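See below for the structure under consideration.
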Amino acid sequence: MTVTNGQDELEDQFTRWREYVRRRPELVSSDADELEDHLRDSVDELVALGLRSDEAFLIAVKRMGGLDDLSREFAREHSERLWKQLMFTGDDGDGVRKSRSRSDLIAMLVCAAGAAVSIKVPELFGKHYDDDGTFYSVNFALFALPWLAGFLAWRRRAGAGLCAVLVAMFTLGAVGANIYPVADDSQSVGLTSAHLPLALWMVVGLAYVGDDLRSSRRRMDFIRFSGEWFVYIVLIALGGGVLIAFLGGTFDAIGVEAGEFIWTTLTPCGLVAATVVAGWLVEAKQGVIENIAPVLTRLFTPLFAVVLLAFLVTVGWNGRGVDVNRDTLVMFDLLLVVVLGLLLYSISARDPQAPPGTFDVLQLVLVGSALVIDALVLFTMTGRIAEYGTTPNNVAALGENIVLLANLAWSAWLLTGFVRKRGTFAAVERWQTAYLPVFAVWTWAVVLVLPPLFNYR
Amino acid sequence: MRVTKDLVAASATPIVLGILAEGECYGYAILRRISDLSGGELDWTEGFLYPLLHRLERLGHVESSWQTAAGERRRKYYRITQQGLAELSEQHRQWETVLDALKQVWPSVGDIRPLTIRLEGNA
Numbered sequence: 000m001t002v003t004n005g006q007d008e009l010e011d012q013f014t015r016w017r018e019y020v021r022r023r024p025e026l027v028s029s030d031a032d033e034l035e036d037h038l039r040d041s042v043d044e045l046v047a048l049g050l051r052s053d054e055a056f057l058i059a060v061k062r063m064g065g066l067d068d069l070s071r072e073f074a075r076e077h078s079e080r081l082w083k084q085l086m087f088t089g090d091d092g093d094g095v096r097k098s099r100s101r102s103d104l105i106a107m108l109v110c111a112a113g114a115a116v117s118i119k120v121p122e123l124f125g126k127h128y129d130d131d132g133t134f135y136s137v138n139f140a141l142f143a144l145p146w147l148a149g150f151l152a153w154r155r156r157a158g159a160g161l162c163a164v165l166v167a168m169f170t171l172g173a174v175g176a177n178i179y180p181v182a183d184d185s186q187s188v189g190l191t192s193a194h195l196p197l198a199l200w201m202v203v204g205l206a207y208v209g210d211d212l213r214s215s216r217r218r219m220d221f222i223r224f225s226g227e228w229f230v231y232i233v234l235i236a237l238g239g240g241v242l243i244a245f246l247g248g249t250f251d252a253i254g255v256e257a258g259e260f261i262w263t264t265l266t267p268c269g270l271v272a273a274t275v276v277a278g279w280l281v282e283a284k285q286g287v288i289e290n291i292a293p294v295l296t297r298l299f300t301p302l303f304a305v306v307l308l309a310f311l312v313t314v315g316w317n318g319r320g321v322d323v324n325r326d327t328l329v330m331f332d333l334l335l336v337v338v339l340g341l342l343l344y345s346i347s348a349r350d351p352q353a354p355p356g357t358f359d360v361l362q363l364v365l366v367g368s369a370l371v372i373d374a375l376v377l378f379t380m381t382g383r384i385a386e387y388g389t390t391p392n393n394v395a396a397l398g399e400n401i402v403l404l405a406n407l408a409w410s411a412w413l414l415t416g417f418v419r420k421r422g423t424f425a426a427v428e429r430w431q432t433a434y435l436p437v438f439a440v441w442t443w444a445v446v447l448v449l450p451p452l453f454n455y456r
Numbered sequence: 000m001r002v003t004k005d006l007v008a009a010s011a012t013p014i015v016l017g018i019l020a021e022g023e024c025y026g027y028a029i030l031r032r033i034s035d036l037s038g039g040e041l042d043w044t045e046g047f048l049y050p051l052l053h054r055l056e057r058l059g060h061v062e063s064s065w066q067t068a069a070g071e072r073r074r075k076y077y078r079i080t081q082q083g084l085a086e087l088s089e090q091h092r093q094w095e096t097v098l099d100a101l102k103q104v105w106p107s108v109g110d111i112r113p114l115t116i117r118l119e120g121n122a
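Residue numbers (numbering that gives the first Met the number 0), protein chains in the order written: chain Z, 0 to 456; chain P, 0 to 122.
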């Protein structure tokens with residue numbers, strides 16, 4: 000080994016050690032710098048005593064003691080760091096990262112402002128928020144998600160090809176949602192309002208995944224992103240609610256009626272802007288909520304499993320059929336969505352290498368009972384459709400059910416294999432990420448194909 | 000011989016402030032200096048020194064800055080402040096009092112040894 004090689008190797012080790020240190024929330028970047036400098040001094044001294052550089056590195060690290068102890072001592076002095084992770088502590092980054100997070104912040108502000116302004120633009124063309132409810136309920140996502148996708152595309156330095164695809168997809172969504180001659184009270188309008196946001200969210204996913212479209216890891220990252228984004232948007236909405244309450248209350252106290260402003264400007268603008276802000280928050284601080292979604296799934300997987308089992312037992316005991324109409328079918332669809340969510344977010348946080356445990360069995364019970372319940376529902380539903388014929392709502396609800404059912408059925412199969420140690424957990428993960436395009440195709444089909452299929456009913 | 004934890008903790012601040020009063024210094028050199036001063040008996044860990052330095056900085060006794068001395072790496076140097084000097088002289092006064100008292104109570108070091116031996120002999 001030449002001297003240069005030894006030097007390179009040493010630098011490599013320092014880099015790795017640094018990464019390891021930086022994972023500790025107690026140790027900020029300047030601490031890592033300081034400790035690294037210390038480590039280098041130790042290594043230099045040991046090398047001067049005649050040790051080889053790799054030996055010196057090992058001994059110096061060993062002398063510094065376990066990082067657990069070290070970070071505990073640091074935490075005692077800097078306990079605030081454990082709490083302050085979430086917000087704008089960009090001050091401890093190195094130069095590159097600092098300027099990066101600054102430009103991110105600016106891009107986010109631009110996109111959020113753009114979204115807030117864009118939703119007021121139709122008013123210039125006579126579409127008033129309180130009169131044209133249908134227009135806004137159908138198109139709401141079109142004022143928010145393109146900006147979020149834009150922010151993500153900007154952040155990933157997306158190429159011209161991807162940008163063109165994004166623009167094309169959003170245009171397609173806008174055209175598809177508005178071109179059909181549907182009546183305000185038709186079922187198609189309701190379906191489009193419900194499905195366009197989901198269809199567009201898949202386009203956001205395109206912007207998120209970027210050019211690495213086939214990578215299972217990137218798709219899983221997008222699933223994580225979606226979950227965390229959702230948690231953030233709920234938190235922001237809660238805060239926004241408090242803000243609105245005080246805004247209304249305080250202005251009311253001085254005799255100024257703010258309700259109109261709140262309803263037509265603050266709420267819609269705030270919501271579309273919050274969409275972008277939530278996306279930025281997830282991107283800026285990936286580690287924080289990540290820890291909440293798995294906790295929630297851990298908490299609710301057993302509870303949901305118990306509830307579903309109890310339902311099945313009751314059905315079996317009473318011999319009572321499920322009373323299926325469209326509303327209950329939608330509810331059962333949503334149930335499948337929740338079960339799928341529980342499955343997805345425990346997958347996203349699970350170590351794929353870990354052996355099967357009790358929790359995996361619980362999950363299998365949950366998925367299995369959801370499947371049985373859904374089979375019951377589908378059975379009654381097909382009878383009903385045969386009796387009354389099809390409507391757009393029926394078809395959409397049924398299609399959704401089948402799409403989700405297929406996903407869960409195969410997941411259950413893979414999970415069984417995994418619990419019985421015949422398969423790997425990675426297979427479950429890959430299945431979920433491979434299934435994402437199916438959701439995309441289905442939601443787009445509901446928006447674009449169903450209305451003409453049913454003569455815009 | 001090991002110095003007990005309590006004693007290390009109590010003496011840490013005056014020792015560090017004393018070293019910094021000699022001139023600005025960085026973490027590794029402070030540890031070396033402490034080791035030299037005590038003939039290797041005081042062996043502080045990094046997990047002890049750096050949080051202590053950060054605490055002194057927070058209290059305003061020392062201030063720090065990243066500097067690059069000629070031909071050396073960029074390092075975080077600590078230097079004592081006016082307030083730190085005041086704290087040092089206050090600590091100095093207190094330690095003088097304690098040491099003074101100890102010296103009067105204790106017989107000279109030479110006398111302790113026979114004392115223990117005599118006790119053992121009695122036992």
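Beta carbons are placed, not taken as given, at the ideal position from N, Cα and C, and that holds for glycine. Note that the structure is a prediction, hence the values are computed from the model and not measured.
- Around the beta carbon of P:PHE47, 16 or more other beta carbons lie within 10 angstroms, which makes this residue buried.
- Scanning Z:ALA206, Z:TYR135, Z:ALA273, Z:TYR179 for the CA closest to the CA of Z:ALA167 turns up Z:ALA206.
- Put simply, of P:ASP42, P:ARG1, P:GLU56 the residue whose alpha carbon is nearest the alpha carbon of P:GLN82 is P:GLU56.
- By the Cβ-count criterion, Z:ARG218 is buried, with 16 or more other Cβ atoms from all chains shown falling within 10 Å of its own Cβ.
- Sequence-ordered contacts of the region 39-69 of chain P with chain Z read THR44, GLU45, GLY46, PHE47, TYR49, PRO50, HIS53, ARG54 [C-beta pairs closer than 7 Å].
- Listed along the chain, the chain Z residues whose CB falls inside 9 Å of the CB of P:LYS75 are SER29, ASP32, GLU33, ASP36.
- In this structure Z:ALA114 is in contact with Z:VAL271, their Cβ atoms being roughly 4 Å apart against a cut-off of 8 Å.
- Looking at the backbone, the Cα of Z:LEU9 and that of P:ILE14 are separated by about 34 Å.
- Burial check for Z:ASP7: the Cβ neighbour count within 10 Å stays below 16, so the residue is exposed.
- Under DSSP, Z:CYS268 shares a beta bridge with no residue.
- Taking a Cβ-Cβ cut-off of 7 Å, Z:LEU50 has no neighbours in chain P, whose nearest Cβ is about 17 Å from it.
- Closest option to Z:GLU227, judged by alpha-carbon separation, among Z:PRO293, Z:THR191, Z:PHE245, Z:GLY175: Z:PRO293.
- Z:LEU435 and Z:SER215 have their C-alpha atoms some 10 Å from each other.
- Within 10 angstroms of the beta-carbon of Z:ASN406 lie 16 or more other beta-carbons, which makes it buried.
- In the three-state reduction of the DSSP assignment, P:TRP105 falls in the coil class.
- Ranking Z:VAL364, Z:LEU363, Z:PHE358, Z:ALA374 by CA distance to the CA of Z:PHE331 puts Z:ALA374 first.
- Out of P:THR44, P:CYS24, P:HIS91, P:GLU40, the CA that lies nearest to the CA of P:ARG73 is found in P:CYS24.
- For a Cβ distance threshold of 9 Å, residue set GLY46, TYR49, PRO50, HIS53 of chain P lies close to Z:PHE73, ordered along the chain.
- Secondary structure note for P:ILE79: it is in no alpha helix (DSSP H), and the uninterrupted beta strand (DSSP E) holding it is 73-79.
- A direct Cα-to-Cα measurement between Z:ALA198 and Z:TRP262 gives close to 27 Å.
- Contacts with chain P at 9 Å (Cβ-Cβ) include Z:GLY64.
- In the DSSP assignment, P:VAL61 falls outside any alpha helix (DSSP H) and within the unbroken beta strand (DSSP E) covering 61-67.
- Burial check for P:TYR27: the Cβ neighbour count within 10 Å reaches 16 or more, so the residue is buried.
- Taking 9 Å as the cut-off, the beta carbon of Z:THR274 is found closer than this to the beta carbon of Z:TRP146.
- By the 16-neighbour rule on beta-carbons within 10 angstroms, Z:GLU399 is buried.
- In the assembly as shown, Z:ALA396 is a buried residue. Its beta-carbon has 16 or more other beta-carbons within 10 Å.
- DSSP, reduced to helix, strand and coil, places P:TYR25 within a strand of the structure shown.
- Against chain Z, the CB of P:ARG78 has no partner CB under 9 Å away; the residue lies outside that interface.
- Burial state of Z:GLY149 is buried, judged by a 10 Å Cβ sphere holding 16 or more other Cβ atoms.
- Secondary structure remark: continuous alpha helix (DSSP H) runs of at least 4 residues inside the region 14-42 of chain Z: none found.
- Between the alpha carbons of Z:THR389 and Z:GLY158 lies a distance of about 44 Å.
- Chain Z places a beta carbon closer than 9 Å to that of P:ARG72, counting this residue as a contact.
- Per DSSP, the continuous alpha helix (DSSP H) segment holding Z:ASP251 begins and ends at 215-252.
- In the structure shown, Z:GLN352 adopts coil according to DSSP, grouped into three states.
- With a minimum length of 4 residues, the unbroken runs of alpha helix (DSSP H) contained wholly in the region 327-414 of chain Z fall at 357-387.
- Contact of Z:LEU57 with chain P by beta-carbon distance below 8 Å is absent, the smallest such distance being about 16 Å.
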